[in-house]
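**Student:**
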Amino acid sequence: MSNKITIIGAGQVGSTVAYALTLKQLASEIVIIDIIKEKAMGEAMDIRQGTPFIGPVYIHDGDYEDAKDSDIVIFTSGVGRKPGQSRLDLTQTNVNIAKSVIPLITKAAPNALYLIVANPVDILTYLFVKTSGIPASHIFGTGTMLDTARFRARIAETYRVGATNVHGYVFGEHGDSSFVPWSLANIGSIPVDSFASSFTGKKLPDFNKDDIEDYIRKSGGIIINAKKFTNYGIGATTADLVDALKYSTDSVLTISSMMNGEYGINDVCISIPTLIGQNGIKGHLAAPLTDDEVTKLRHSADCLKDIIKQIEF
Ligand code: APR
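Going by this note's numbering, 210 is the number at position 228 of the sequence shown; the sequence numbering is gapless.
(1) When you get a sec, list the residues whose CB is within less than 7 Å of any heavy atom of the ligand APR, chain order please.
(2) Please name the residue or residues paired with N168 in a DSSP beta bridge.
(3) Can you say whether A94 is buried or exposed, counting buried as having 16 or more other CB atoms within 10 angstroms of its CB?
(4) In its own chain, which residues sit with a C-beta less than 7 Å from the C-beta of T140, not counting the 5 before and 5 after it?
(5) For T(-12), which beta-bridge partners are listed by DSSP?
(6) Alpha carbon to alpha carbon, how far is A26 from I247? Give it in angstroms, no decimals.
(7) If you draw a straight line from the C-alpha of K81 to the C-alpha of F295, how long is it?
(8) In angstroms, rounded to a whole number, what distance separates the CA positions of K64 and S180?
(9) Buried or exposed: where does M(-17) fall if 16 or more other Cβ atoms within 10 Å of its Cβ makes it buried?
(10) In whole angstroms, give me the CA-to-CA distance for A49 and V13.
(11) Beta carbon of Q74, beta carbon of I293: below 7 Å?
(12) Nearest to S253 by CA position, among S10, A9, I169, L128, is which residue?
(13) In chain order, which beta strand (DSSP E) runs of at least 3 residues are fully inside the region 201 to 261?
(14) Is it the case that the Cβ atoms of L286 and V250 are separated by a distance below 7 Å?
(15) When you compare only the Cα positions, how much space is there between G243 and S114?
Structure below.
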């Protein structure tokens, strides 16, 4: 795979994604496009001038035609919520921005894989699938990848084990209705529920599952209250997704993508474990869930469908 990546949006998220890709040398060429051209130019120039210390990544600003032959396009443009603005209003605004960009970018890069990062990510992923003409298997929302990382990190912190030993996922909307199917979560193959009791060493701390899920859902808000935006976590998440798309073996990630009857859910983009590889989405892993977990997933899908109904696509 040659390695040209276009990033749309040079804001906090787009520029951090560009920097993360550069540091990890995941592209040989990165194009940054923003409606404010000077912003794209400044971010690209700043990152480019560090590349002698990093490696041969050619990063520059550009227009849509410069996205030609991109292997991957990363969509980060959108606006944050204004005081007093409803979530629905914000959703329509960001849908409108995406609607203006889709024809321009898909004309320039019809064969690229599309990574949707801007929020509300599940709705924007749905918009891309429904209107862009790009095959659904080439459209990935970052979905609950970051929530899943937060979950694994939190369990790892609790038990002081490496996060790579923690297996489990956050399912559903990237938002308030997301949840952890605890029946699938394990640490080093031991179900989370029996991990502490099976350990023969010093007593391990207890934790409350609701507190952990609450922590995951509130993390984004806590960071925004503290520093006004989030960028590093989502930057690392997006770089990890790009990395996974380069492996010759497939990866299981909780990206947001179009559901096709899994758990009885259709016509909505949502996150469940999904097998992805160099050619895009291979399929979903509809793992066995408890009845309660299936109900939660359907509820999450219904929350998104409710928004979809109220938005002009
Ligand atoms: N075309 C191209 N770029 C645009 C357009 C457009 N039509 N409209 C806005 N932009 C650009 C802005 O000029 C700005 O540089 O998108 C960028 C958004 O940057 P920020 O306001 O800094 O927002 P950011 O924090 O980067 O978040 C972007 O990612 O994680 C999500 O929730 C986040 O939806 C938000 C998105």
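Backbone N, C-alpha and C fix where the C-beta goes; we use that ideal spot for every residue, glycine too.
**Tutor:** The short version:
(1) Taking each Cβ in turn, the ones that pass are I(-10), G(-9), A(-8), G(-7), Q(-6), V(-5), G(-4), I15, D16, I17, I18, K21, T58, S59, G60, V61, G62, N76, I79, S82, V83, V99, A100, N101, F211, T212, N213, I216.
(2) Mapped onto the sequence shown, residue 168 falls at position 186. Residue pairing by DSSP places N168 opposite H149, P173 in a beta bridge.
(3) Against the sequence shown, residue 94 aligns to sequence position 112. Around the CB of A94, 16 or more other CB atoms lie within 10 Å, so the residue is classed as buried.
(4) Locating residue 140 in the sequence shown gives position 158, counting from the first residue. Taken in chain order, the residues that qualify are P187, F189.
(5) Working through the sequence shown from its first residue, we reach residue -12 at position 6. DSSP, once it has assigned bridges, lists V13, V55 as partnering T(-12).
(6) In the sequence shown, counting from the first residue as 1, residue 247 sits at position 265. In the sequence shown, counting from the first residue as 1, residue 26 sits at position 44. Going from the Cα of I247 to the Cα of A26 covers about 41 Å.
(7) For the purposes of this step, residue 81 is taken as residue 99 along the sequence shown, with counting starting at 1. For the purposes of this step, residue 295 is taken as residue 313 along the sequence shown, with counting starting at 1. Distance between K81 and F295, taken at the CA atoms: about 8 Å.
(8) Reading the sequence shown from its first residue, position 82 is the one you call residue 64. Reading the sequence shown from its first residue, position 198 is the one you call residue 180. The straight-line gap from Cα to Cα measures roughly 49 Å.
(9) Here residue -17 refers to the residue found at position 1 when the sequence shown is read from its first residue. Confidence is the limiting factor: at M(-17) the pLDDT is only 46, short of 50, which leaves the residue's position unreliable, though a coordinate-based value still follows. Exposed, because fewer than 16 other Cβ atoms sit within 10 Å of the Cβ of M(-17).
(10) Here residue 49 is taken as the residue at index 67 of the sequence shown, counted from 1. Here residue 13 is taken as the residue at index 31 of the sequence shown, counted from 1. Cα to Cα, A49 sits roughly 7 Å from V13.
(11) Here residue 74 is taken as the residue at index 92 of the sequence shown, counted from 1. Here residue 293 is taken as the residue at index 311 of the sequence shown, counted from 1. Yes, these two residues count as a Cβ contact at 7 Å.
(12) Residue 253 sits at position 271 when you count from the first residue of the sequence shown. For S253, the nearest C-alpha among the options comes from L128.
(13) Entirely contained in the region 201 to 261, the beta strand (DSSP E) runs reaching 3 residues are, in chain order, 233 to 235, 238 to 242, 248 to 253, 256 to 259.
(14) Locating residue 286 in the sequence shown gives position 304, where the first residue counts as 1. Locating residue 250 in the sequence shown gives position 268, where the first residue counts as 1. Taking 7 Å as the Cβ cut-off, L286 and V250 qualify as a contacting pair.
(15) Sequence index remark: in the sequence shown, residue 243 carries index 261 (1-based). Sequence index remark: in the sequence shown, residue 114 carries index 132 (1-based). Approximately 22 Å, taken between the alpha carbons.
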